[in-house]
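In our numbering, the protein residues as written are 2 to 428.
Don't be surprised by glycine CBs; every beta carbon is placed ideally from N, CA and C.
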Ligand code: SF4
Ligand code: SF4
Ligand code: FES
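Below is the structure:
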């Protein structure tokens with residue numbers, strides 16, 4: 002913990018927290034334009050500036066990306082800060098006089114006239130960059146970006162319009178309404194494709210495994226679109242945060258995904274907005290490879306933390322997998338029920354098991370994560386691996402089609418031992 006004062010009031014804050022988060026927690030309001038909870042703060046608009054004094058020296062810093070420090074004194078509304086904010090709003094108004102958000106800010110800050118003039122026609126875009134960041138950090142696409150320099154600087158799709166997946170993150174996040182998704186243009190582009198190239202936009206975002214659009218890309222009257230919004234919120238692409246760049250690592254010849262939360266039950270959890278996806282880790286997916294059937298809790302079931310939510314079965318023997326979290330089942334991956342090997346082939350992707358809505362989403366933070374998860378996985382995988390190699394298994398994190406592979410035969414022969422090793426015998 003660090004100790005600081007904000008407007009003369011003593012505050013305790015978590016090390017590494019940003020000044021903005023602590024100021025907001027203290028119920029003090031300061032303006033922001035380029036800040037969004039889902040994105041990395043960049044300090045671009047400088048409207049969140051505050052005055053910080055340390056060791057007798059004062060300076061103006063941007064609160065959204067400045068970390069708290071021991072002993073710092075912060076003034077959120079000093080004369081210097083207010084002056085800086087007024088000048089910034091004047092500059093923004095000179096460029097975008099018609100933007101209601103800026104007019105409102107000007108009123109709040111007491112800006113009565115604008116001393117600056119722009120030679121260009123009014124532009125609703127204030128160049129905050131949120132749309133560019135959302136496209137890159139949330140959708141992982143980078144279809145739009147800043148183009149040109151100086152007074153010519155603007156947002157452009159010239160980089161690669163073909164890459165746009167029509168997720169709508171830019172339109173949603175723009176604070177001024179300057180960016181509009183041209184669905185008509187996107188439709189024309191997509192309709193020019195044929196057959197298998199006509200993928201649904203949610204498949205292109207990575208939220209659906211496979212879906213060919215049979216609705217002429219008229220998402221506004223499509224059940225799939227409605228279902229995705231119901232499931233993930235608006236817009237659904239935000240469920241992908243923190244991005245979809247998966248960095249699969251290899252531990253003892255088994256895949257490990259560092260961005261997930263892991264439980265002792267060999268179940269991983271992935272927060273997606275206020276929903277959580279559950280699946281089996283690489284070790285547990287071995288047991289699934291040898292299972293004859295996988296039975297998942299059905300949609301609508303309320304599962305409690307510590308109760309069985311999936312059952313693997315082989316020759317009448319069953320292994321129950323306990324849920325690390327409570328929640329209502331929103332969807333179950335029937336592909337795994339039809340083909341248990343899918344969980345082994347792609348344990349952290351297409352082999353997921355359930356999507357749940359937890360009553361207490363913060364419980365996920367009690368699971369193993371980061372270095373703790375990695376150490377735990379290493380220790381377990383080392384022992385698991387020794388057992389497998391004595392039976393002759395050539396482990397590899399590159400998992401192809403299970404088919405009649407050696408791994409499958411070994412797991413089938415030693416299913417009981419593996420099940421006992423991971424969970425003890427149950428059910
Ligand atoms: S289009 Fe909107 S979100 Fe993008 S930079 Fe301009 S104001 Fe910001
Ligand atoms: S119309 Fe429906 S199926 Fe087609 S891209 Fe839009 S949401 Fe997907
Ligand atoms: S909100 Fe902090 S710099 Fe824009």
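- The continuous beta strand (DSSP E) containing residue 357 extends over residues 355-358.
- Leaving aside the five residues that flank residue 294 on each side, the residues in its chain whose CB is nearer than 6 Å to its CB run, in chain order, 314.
- The criterion of a C-beta distance shorter than 7 Å is not satisfied by residue 240 and residue 297.
- At the C-beta level, residue 252 and residue 357 stay beyond 7 Å of one another.
- Only residues of its own chain outside the window of five on either side were considered, and among them 34, 35, 129 have a CB closer than 6 Å to the CB of residue 46, listed in chain order.
- Between residue 64 and residue 21 a beta carbon distance of about 4 Å is seen, short of the 8 Å cut, so the two are scored as contacting.
- 12 is the residue among 39, 12, 222, 38 whose C-alpha sits nearest the C-alpha of residue 28.
- Annotation for residue 205: 166 place their beta carbon closer than 7 Å to its own, counting only its chain and skipping 5 residues before and after.
- Straight-line spacing of the CA atoms in residue 211 and residue 351 works out to 10 Å.
- Cβ neighbours of residue 343 within its own chain (closer than 7 Å, five residues either side excluded): 336, 337, 351, 352.
- The region 302-311 and the region 407-415 do not touch, with fewer than 3 CB-CB distances between them shorter than 8 Å.
- A direct Cα-Cα distance of roughly 6 Å separates residue 267 from residue 285.
- If the five residues before and after residue 369 are omitted, its C-beta is found closer than 6 Å to the C-beta atoms of 263, 377, all from its own chain and listed in chain order.
- Nearest to residue 385 by alpha-carbon distance, out of 261, 3, 255, is 255.
- Residue 259 and residue 139 have their C-alpha atoms some 18 Å from each other.
- Going by C-alpha positions, residue 31 is about 6 Å away from residue 49.
- Here DSSP, grouped into helix, strand and coil, assigns residue 308 to coil.
- Relative to ligand 3, the nearest heavy atom lies less than 6 Å away from the CB of residue 44.
- The region 328-356 is shown to contain whole beta strand (DSSP E) runs of 3 or more residues at 328-333, in chain order.
- When C-alpha distances from residue 115 are compared across 126, 136, 93, the shortest belongs to 93.
- Shown here, residue 67 sits in coil according to DSSP, grouped into three states, outside any helix or strand.
- Of the residues assessed, residue 269 falls on the buried side of the cut-off, its CB having 16 or more other CB atoms within 10 angstroms.
- Distance from the C-beta of residue 239 to the nearest heavy atom of ligand 3 is not below 6 Å.
- Assigned with DSSP and collapsed to three states, residue 212 falls in coil, not helix or strand.
- Residue 10 has its alpha-carbon roughly 47 Å from the corresponding atom of residue 207.
- Residue 392 sits in coil when the DSSP states are folded into three classes, being neither helix nor strand.
- Shown here for residue 125: same chain residues with a beta carbon closer than 7 Å to its own, the five before and five after excluded, namely 97, 99, 100, 177, 178, 179 in chain order.
- Between the C-alpha atoms of residue 54 and residue 60 there is a straight-line separation of about 7 Å.
- Bounds of the alpha helix (DSSP H) holding residue 422 are 416-424.
- A check of alpha carbon separations from residue 135 across 122, 111, 171 identifies 171 as the nearest.
- Short of 7 Å from the beta carbon of residue 79, and not among the five residues preceding or following it, lie these beta carbons of its own chain, in chain order: 52.
- When DSSP states are grouped into helix, strand and coil, residue 409 belongs to the helix group.
- Exposed is the label assigned to residue 122, since fewer than 16 other Cβ atoms lie within 10 Å of its Cβ.
- Residue 283 carries a helical assignment under DSSP once its states are collapsed to helix, strand and coil.
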